[in-house]
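Residues 1 to 98 (the numbering used here) make up the sequence shown, in order.
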Amino acid sequence: MNKNIAAAAALATVMSLGVANAVEAAAKQKEKCYGVAKAGQNDCGNLAGTHSCAGQSTVDNDIGEWRLVPTGTCSDLGGLDRKEAKKKFAEMQAKKNG
Numbered sequence: 001m002n003k004n005i006a007a008a009a010a011l012a013t014v015m016s017l018g019v020a021n022a023v024e025a026a027a028k029q030k031e032k033c034y035g036v037a038k039a040g041q042n043d044c045g046n047l048a049g050t051h052s053c054a055g056q057s058t059v060d061n062d063i064g065e066w067r068l069v070p071t072g073t074c075s076d077l078g079g080l081d082r083k084e085a086k087k088k089f090a091e092m093q094a095k096k097n098g
């Protein structure tokens, strides 16, 4: 019986490593794309820091909101990478405040 438990534990470990590797590989094939999320469909916190969770955007295509998209497709969707989005966001804030 102990051999069966040990074998099952070993198999579970090997399988979980395979799943973790698959998830990691899938994540590497995605990139954050700012300015393409529809209201309520962002993937996490925004540049403004007004929320820190997915699904909390309130405006379509807000420059501060992002979605994970397949690597290499962000510009095709009309989006920006983080550096570009931060620059544009800062420019918009400066214009708004002064």
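Even glycine gets a Cβ: it sits at the ideal position worked out from N, Cα and C.
Across the set G98, T50, T73, S75, the C-alpha of T50 shows the shortest separation from the C-alpha of G64. Counting along the chain, K32 sits inside the beta strand (DSSP E) bounded by residues 30-34.
Relative to the Cα of K87, the nearest Cα in the group N4, A48, I5 belongs to A48.
Contact annotation: T58 and E31 have beta-carbon atoms that are not nearer than 8 Å. According to the DSSP assignment, K87 belongs to the alpha helix (DSSP H) that extends over 82-97.
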